[in-house]
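J.:
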Ligand SMILES: Nc1nc2c(ncn2[C@@H]2O[C@H](COP(=O)(O)OP(=O)(O)OP(=O)(O)O)[C@@H](O)[C@H]2O)c(=O)[nH]1
Ligand SMILES: [Mg+2]
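Numbering (this note's numbering), first residue to last: 377 to 720.
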C-alpha cells in the first residue's frame, strides 16, 4: 500500500509524514501530492486573517470544537493550518496551539498543523497549498487556514480560500486595524472578536459603517486581469451580491460560535447557488499553477545563465547604464540555446 493510500484511508501517521515531506519540498512529497490531487476539491477552505493578537487561533480552536460537537447534525472533520511566518520562538501561535492541544487532544476528527516559513513567502504559499491539498484528500470537511494579516503574502494565502474571515478586535476608540492594513475588502465575513472588551460596540459600528459606504465585493479581485480566465463561463451573470456580515464573538468564553458557524454556512450556500464556489476553486488552482510555473521558470533560467553574466547585467542597471527592460531582454537572450561546439 502506498503512503497516499494510507492518507486516503485516514491514517494519521501517514498524513503527518506526507505533510512534513510537503513542507520540506521533497520528491516524496511531490509524489504523494500527485497521487492525492484527484481526491481533492471537496473540503470547505476557510481563511482566517487579521492583525496579530486579535484572537484568530483562539477563535479557530473554538470553531473546531464547535464543528466536532454541533448542537445538531453530524460532527464534521476539521483541520487547521496555522501559517506563522514569524520565528517559532516568538509570537502568539505557540500559545494558541497549546490551548488547542488541550481542548481537542485525542480527537481523530481534528488535525492541527503549524507551519513556520522556512524561506521566502512565495515558497510558503506553495507549501501551504500542498498541505491544504493533502488535508482535503484526507477527508477533512472544513480546513481553517490561519495567517497573520501583516503582509500581502499572508493575506493572499487566506484570500484564496472559499470563505475568508477577517478578525478584528476592539482597539482604542474607533481605530479599526483591518482598515489600516487594507484587508477589509477581502472579507466574506467580518468577525469582531474580544467583544467582552470595552470599545467592541464602537468597532462593530465602525465596521458596519465602512461596509455601507464602500460595499466591498470579491468581484474586483476575481475580475482582475487574467483571473477572468478562471471565472469564464462559470459565474452566473445575475448572481446576487454577498454582503459581508459582521459577527460578534468572545473566543475566550466560547460566545458567538453558533452565529459564526451560521454565517459560514450561509456563505457556503451563497457560493454554491451563484457558481462562485467553482470560480474560487479555479482561481485558487490557477494561482497555484502560475506561482509554481514562475518559480520553475526562474529556477530553470538561473541554472542556465552564468552567475557572472547575471551580476554584470545587474551592475549595469545599478550604475544606470542599462534600463531594467533592456536588462531583462539581455538576460533572456543569455538563455538562448547555444550552437554546439562553440565556446560559451
Ligand atoms: N478578552 C478576550 N481575550 C481574548 C479573546 N480571544 C482571545 N483572547 C486572548 O487574546 C490573546 C491572543 O489570542 P490568539 O488566539 O493567540 O490571537 P491570534 O490572533 O491567533 O494571535 P497571532 O497568531 O499571534 O496573530 C490571547 O491571550 C487570548 O487569550 C476574547 O474573546 N476576549
Ligand atoms: Mg495565532
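We put the beta carbon where it would ideally sit given N, CA and C, even for glycine.
(1) For residue 693, which residues of its own chain have a beta-carbon under 8 Å away from its beta-carbon, when the five flanking residues on both sides are left out?
(2) Residues in its own chain within less than 7 Å of residue 518 by CB, not counting five upstream and five downstream?
(3) Checking the sheet assignment: what are the DSSP bridge partners for residue 522?
(4) Compute the beta-carbon to beta-carbon distance between residue 568 and residue 583, rounded to the nearest angstrom, for a pair I have assumed lies under 8 Å.
(5) Is residue 466 buried or exposed, if buried means 16 or more other CB atoms sit within 10 Å of its CB?
(6) In whole angstroms, what is the alpha-carbon distance linking residue 414 and residue 507?
(7) For residue 656, does the count of other Cβ atoms within 10 angstroms reach 16, so buried, or fall short, so exposed?
(8) Going by the DSSP bridge assignment, what does residue 723 pair with across the sheet?
(9) Within the present structure, is the beta-carbon of residue 430 separated from the nearest heavy atom of ligand 3 by less than 7 Å?
(10) By DSSP, does residue 504 sit in helix, in strand, or in coil?
(11) Pick out whichever of 628, 380 and 516 has its Cα sitting closest to the Cα of residue 405.
(12) Taking Cβ positions, are residue 530 and residue 425 nearer each other than 8 Å?
(13) Thinking just about the alpha-carbon of each residue, which of 560, 571, 573 and 572 is nearest to the one in residue 585?
(14) In chain order, which continuous runs of the beta strand (DSSP E) of length 3 or greater are located wholly inside the region 657-692?
(15) What does DSSP give as the partner residues of residue 432 in its beta bridges?
(16) Does the pairing of the region 536-550 with the region 640-653 give three or more beta-carbon distances under 8 Å?
(17) Does the distance between the C-beta of residue 630 and the nearest non-hydrogen atom of ligand 1 fall short of 7 Å?
(18) Using C-beta distances below 6 Å, list every residue in its chain close to residue 504, excluding the 5 sequence neighbours before and after it, in chain order.
(19) Straight-line CA distance for residue 391 to residue 520?
(20) Can you tell me where the beta strand (DSSP E) holding residue 565 begins and where it ends?
(21) Ignore the nearest five residues each way along the sequence and tell me which others in residue 398's own chain have a CB closer than 7 Å to its CB.
(22) Report the three-state DSSP secondary structure of residue 394 (helix, strand or coil).
(23) Using 10 angstroms around the beta-carbon of residue 574, count the other beta-carbons present and answer buried if the total reaches 16, otherwise exposed.
(24) Would DSSP call residue 531 helix, strand or coil?
(25) Could you compute how far the alpha carbon of residue 548 sits from the alpha carbon of residue 577?
(26) Residue 416 by DSSP, collapsed to three states: which one?
(27) What does the alpha-carbon distance come out to for the pair residue 579 and residue 400?
T.: Looking at the coordinates:
(1) 699, 700 and 703
(2) 419, 420, 422, 443, 452 and 454
(3) 424 and 458
(4) With 8 Å as the limit, residue 568 and residue 583 qualify as a contact, their Cβ atoms being about 7 Å apart.
(5) Unreliable placement is indicated for residue 466, whose pLDDT of 40 sits below 50; the coordinate value is still reported in the next sentence. By the 10 Å Cβ count, residue 466 comes out exposed.
(6) Between the alpha carbons of residue 414 and residue 507 lies a distance of about 15 Å.
(7) buried
(8) With the chain covering only 377 through 720, there is no way to say anything about residue 723.
(9) No copy of ligand 3 occurs in the structure displayed; its ligands are ligand 1 and ligand 2 alone.
(10) helix
(11) 380
(12) yes
(13) Among 560, 571, 573 and 572, the Cα nearest to that of residue 585 is on 560.
(14) none
(15) Beta-bridge pairing links residue 432 to no other residue.
(16) yes
(17) no
(18) 459 and 533
(19) 17 Å
(20) Looking at the DSSP string, the run of the beta strand (DSSP E) that includes residue 565 is 565-568.
(21) 405, 409, 503, 506, 507 and 510
(22) helix
(23) exposed
(24) helix
(25) Here the model assigns residue 548 a pLDDT of 48, short of 50, so the residue's position is not dependable, and the following value carries that caveat. Going by the C-alpha atoms only, they are around 12 Å apart.
(26) When DSSP states are grouped into helix, strand and coil, residue 416 belongs to the coil group.
(27) 41 Å
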